[in-house]
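Asks: I'd like to ask some things about the structure below.
As structure tokens, then:
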């Protein structure tokens with residue numbers, strides 16, 4: 003129980019990440035447990051995603067609907083199988099980007115520790131996934147059509163008028179803010195720098211996460 007608490011502790015106490023990594027198993031646990039939890043959450047959501055896909059198909063064309071649903075199921079099984087590897091590669095590439103920005107800022111990068119930090123901070127996004135799973139079960143119990151896309155951004159309060167504002171409003175949420183703050187403080191602790199310098203180092207990564215989504219919204 004202590005190990006689990008320490009793993010989640012950096013989400014509210016970023017300075018604890020450095021202490022946790024000093025332990026023998028800290029680096030491994032920071033990567034393996036978030037990967038396992040993310041995979042488990044997607045495994046739980048898998049049947050409901052299929053159900054939502056089935057509800058969105060044209061019921062009048064059973065043959066075509068069955069073919070589409072079969073392809074969706076196959077693609078989801080493949081995505082589920084490769085998810086841990088893809089996620090780990092994304093963390094590593096993200097850590098490399100942070101390391102390159104750190105070198106330009108005359109800061110000694112720590113790639114392995116950064117990967118571990120990104121792994122632990124990914125636990126933040128398990129919270130909206132858990133909320134989504136809860137919403138799905140409630141919708142299922144009440145007999146509503148499954149949406150699988152609950153919103154937690156400011157689009158709950160501000161109506162988007164364009165595809166661009168829809169993406170931006172959906173991106174801005176308490177979880178996104180929490181992630182950015184925890185990431186900046188975590189990098190500051192790892193690299194022994196100020197939070198301001200840490201933000202400048204992680205800014206390219208944050209920009210890379212949102213720019214493709216905005217570009218896609220503008221193009222479409």
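Numbering (our numbering), first residue to last: 3 to 222.
Using N, Cα and C, we set each Cβ at its ideal position, and we do this for glycine too.
Please go through the same chain and pick out, in chain order, the residues whose beta-carbon is closer than 8 angstroms to the beta-carbon of residue 154, but skip the five residues on each side of it.
Replies: 130, 133, 175, 176 and 177
Asks: Grouping DSSP H, G and I as helix and E and B as strand, with all else coil, what is residue 113?
Replies: In the three-state scheme derived from DSSP, where H, G and I count as helix and E and B as strand, residue 113 is classed as helix.
Asks: Quick one, which of 125, 207, 217 and 199 has its alpha-carbon nearest residue 109's?
Replies: Comparing Cα-Cα distances from residue 109 to each of 125, 207, 217 and 199, the minimum goes to 199.
Asks: Quick one: residues in its chain with C-beta nearer than 6 angstroms to the C-beta of residue 168, no 5 flanking neighbours on either side, listed in chain order?
Replies: So the list reads 162, once near-sequence residues are dropped.
Asks: Pull up the CB-CB distance for residue 202 and residue 107, whole angstroms please, since I reckon it's below 8 angstroms.
Replies: 6 angstroms
Asks: May I have the straight-line CA-CA distance separating residue 184 from residue 32, to the nearest angstrom?
Replies: 15 angstroms
Asks: Could you pull out every unbroken alpha helix (DSSP H) segment of at least 4 residues lying fully inside the region 70-143, listed in chain order?
Replies: 113-123
Asks: Does the beta-carbon distance from residue 48 to residue 73 come in below 9 angstroms?
Replies: no
Asks: Helix, strand or coil for residue 159, going by three-state DSSP, please let me know.
Replies: In the structure shown, residue 159 falls within a coil segment according to DSSP collapsed to helix, strand and coil.
Asks: Tell me which same chain residues have a C-beta within less than 7 angstroms of the C-beta of residue 270, skipping the five on either side of it?
Replies: This structure cannot speak to residue 270, because the chain is shown only from 3 to 222.
Asks: Do residue 13 and residue 135 have their C-beta atoms within less than 9 angstroms of each other?
Replies: no
Asks: Helix, strand or coil: how does DSSP classify residue 10 here?
Replies: helix
Asks: Measuring alpha carbon to alpha carbon, tell me which of 50, 188 and 40 ends up nearest residue 138.
Replies: 50
Asks: The alpha helix (DSSP H) spanning residue 195 covers which residue range?
Replies: No alpha helix (DSSP H) holds residue 195; DSSP gives it neither H nor E.
Asks: Need the endpoints of the alpha helix (DSSP H) that residue 22 sits in, please.
Replies: 18-23
Asks: On a Cα-Cα basis, can you pick out the residue from 205, 77, 216 and 128 that is closest to residue 102?
Replies: 205
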